[in-house]
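Quick note: the sequence shown uses UniProt numbering, first residue 1, plus one each step.
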Amino acid sequence: MDYFKVILCGVLLTSAICTILISVYAYKKHECNSKYFSYFCISITFYSFGYAMELYSDSLDLMIFWNLIQYIGLPFIPAFWIIFTLEYNNKRLSRLTKMSIFLIPCLTFLLRYTNDIHHFFYFSVQLTTNEYFPVLYIQKGPWYWVHTMFVTVCFIVSNYLYFIMYRKSSGTISRQSLLLLIASFLPWISLLLDLLNISPLNIDYGPFAVTSSVMIFFIAFLRYQFLNIKPLARDKIFESTSVGIIVLDTNYAIIDFNPSAVSICHVLKDNIIGKDVRAILKEYNGLVDSILSNVESQFDINEPKGNYKVNTVKILEDDRSIGYIVTLTDITNYMDMVEELNHLASRDALTGVYNRRCFVELSKLELEKSKRYSRPLSMIILDLDFFKRINDNYGHQAGDAVLQSVADICRYSIRSNDILGRYGGEEFIIFLPETSLEDCHMISHRILSNIAETEIFHEGEYIKFTASIGITGVNSVTVENLDYFLKYADKALYQAKAEGRNCVRSLVVNQ
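Right, dumping it as C-alpha cells:
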C-alpha cells in the first residue's frame, strides 16, 4: 500500500504549500489580527510538512527527526488560534496576557526537544506498523496531557466566541461567523480520536483537520472580505482621534468603531458588532438617513448635547466597495461661533435689538405671511424727544444709557414674535404681526408711559426723557410693501412731534 502512503504524504505536502501561501496573503494585510493568523498558518505548515515526512520515512530515527520538526509549529497552533479569535471578537489583549498564553506552548516546545533527558513529554517512542505502512507508537507522558488540556481549553473558548458572534450578528458578519464556527469545530475530530485512542490506522489526523479549518478561513477571506475591511479602515484612522468613526460592511452591518464614536453614540458597545446600523442607531434622528445617503450632513443630539457633521466614505479595494467609514465630527463650537456671528451681524451693538437691515428682512417675511392669510398688522415708530440735548448736556455715555433703557422698555412691552429694531440714531421701530390698530394704541401708550416714568442716574444726576410715537396698521393686509407702511408710520410720528411731543398719533393705511 505504498500508493496509499504516497497519497497521504501528497495531501499533507499540498496542505503545507497552501497554508504557507495563505500565511503570506494574510501577513500582507498589515494588521495585528491578520498577523496572528499568518503565524497560525506557518505553525500548521511545520506540522503538516513534518508529519508528511514522518509518514514517508521508514526508519525510527528519521521518524523521530521529522516529529521534532512538527513541534516547531505544533505547540503554538492553539495559542495563535485563540489570540486570533479573541482579536477578531474585539477582545484587546495586553502584552502580558499574550505572553501568558504562550507559556504552555513554549514549555511544550522545550520539553519535546529535551525529552531524551527526562521523558516527561513522551515516555517512549517506538516503531510499529499498521496494516499498510510503518508508524510511530508513542506512550504519552504527563506534560503531553497538560498540553492536550491547553488545546482543549483553546478550542472550547474559540467555539464559544464564534457561536456568540454568530447568534448576535447579522448580514455579512453572521455568515462569516458561521464559517468560522464550522472551522473551529473541525479540530475536535482529531482531538477526540487521539484522546479516545481510536485513530484509524494509528494516523494523526490533526494536520488534516487544522488545514481544513484554514481552508474554510480562506473561503471567508475571498467571499466576505474577512480581514479586509478592518485593516483598510484602520489604515485611515487612529484610536486616539477626536473624530467619531464607525466602520460598516457593504450591508451596513457594524464592523468596528472607535472610543470617540462611543462618546457620541452611547449605544455603541462590543456586543453590537455585526448588527445592522439602521437598527442600532435608530434613536439618533437624521443620523441613519445621513449615513445611507452618502451625503455630508449635520445632526444634533441631546446627550451629550452637540452638533455633529456626518460624512460617509466608501472603502475601496481594487476599485471595489468593501464597506464604509462613517465619521462624526463635533462642530458644536463652530456652530456656536456661527450663531454668535449671525447674532452680531443682525443686532445693534449698543441696544441688542435688531439692526435696520435685519429688521427690514424679518418684517418683509411677516408682511408676506400677513398678506397671504389676510391678517392684521401694525407698526410703531418711536423717536426720543430732544435727544440731542441729553448728549450735549450730559454726554454721549448718558445718551447711550437712555437708548439702552428705551430698548429694554420696548422689549418688555411687546410679544416674543413682534420685531423690534433700531431704525436710526434715536429712533426705534416695532413690527407687530396679527395686531389690530386698537391693540397697537394700547401697546404704544404703555411704552410711552413707562418711558416717561423712567429716570437714568448719571454722574450724580437723574435724567428724565420722553418720546413721540407714530403708529399705523390695517385689519387685513392687501399690499405687500413694507415702505408703504413705513411711510404712514413716519407721517404719524411727525404729527406727534408737531402736536407737542410725548404723545401717540396714528394714521390708517389707505390700501
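Ideal Cβ placement from N, Cα and C applies to all residues, glycine included.
Apart from the 5 residues on each side of it in sequence, Lys98 sits with its Cβ closer than 7 angstroms to the Cβ of Ile83 in its chain, given in chain order. By DSSP's assignment, Ala253 forms a beta bridge with Asp276. As DSSP reads the structure, His458 sits in a beta bridge with Glu461. Linking Lys364 to Leu382 through their CA atoms gives a straight-line distance of about 19 angstroms. When secondary structure is reduced to three states using DSSP, Phe121 falls in the coil class, being assigned neither helix nor strand. Taking Thr327 as reference, the option from Cys265, Tyr25, Arg422, Glu283 with the minimal CA-CA separation is Cys265. DSSP, read as helix, strand or coil, puts Val474 in strand.
Sixteen is the threshold: when 16 or more other Cβ atoms of the shown chains lie within 10 Å of the Cβ of Asn115, as they do, the residue is buried. Judged by DSSP in its simplified three-state form, Pro75 adopts helix.
DSSP links Glu427 through a beta bridge to Asp383. Pairwise C-beta distances place the segment 98 to 114 in contact with the segment 140 to 157, as three or more of them are shorter than 8 angstroms. Taking each of Cys18, Ala52, Ile44 in turn and checking the Cα distance to Leu8, the smallest one comes out for Ala52.
Here Tyr47 is not near Leu13, since their CB atoms are 7 angstroms or more apart. Annotation for Leu192: no residue places its beta carbon closer than 8 angstroms to its own, counting only its chain and skipping 5 residues before and after. Residue environment: Ala26 is assigned as buried (16 or more neighbouring CB atoms within 10 Å of its CB, all protein chains considered). Uninterrupted beta strand (DSSP E) stretches at least 3 residues long and entirely within the segment 8 to 61 do not occur.
Bounds of any alpha helix (DSSP H) do not take in Asp330; it lies within the beta strand (DSSP E) bounded by 320 to 330. Between Ile414 and Gly421, the CB-CB gap reaches or exceeds 7 angstroms. Assignment of Ala209 by DSSP, reduced to helix, strand and coil, places it in the helix class. The three-state reading of DSSP puts Arg92 in coil, since its state is none of H, G, I, E or B.
As DSSP reads the structure, Ala467 sits in a beta bridge with Leu384. Asp348 and Ser321 have their alpha carbons spaced roughly 53 angstroms apart. Here Gly244 is buried: its Cβ has 16 or more other Cβ atoms, across all protein chains shown, within 10 Å. In the DSSP assignment, Gly421 falls outside any alpha helix (DSSP H) and lies within the beta strand (DSSP E) extending over 419 to 422. Between the segment 386 to 400 and the segment 433 to 447 there are fewer than three C-beta pairs closer than 8 angstroms, too few to call the two in contact.
Put simply, the backbone Cα of Arg356 is about 44 angstroms away from that of Ala261. Note on geometry: alpha-carbon atoms of Ile255 and Leu248 lie some 5 angstroms from one another. Cβ-Cβ distances below 7 angstroms link Asp58 to Pro134 in the same chain, with the five nearest sequence neighbours on each side left out; the list follows chain order.
Restricting attention to Ser213, Leu384, Tyr166, the CA atom closest to the CA of Ile272 is found in Tyr166. Secondary structure of Val406 (DSSP, three-state): helix. Distance between Ser444 and Asp289, taken at the CA atoms: about 49 angstroms.
Nearest C-alpha to Ile44 among Tyr373, Val214, Phe386: Val214.
For the pair Ile156 and Ile331, the Cα-to-Cα distance works out to about 47 angstroms.
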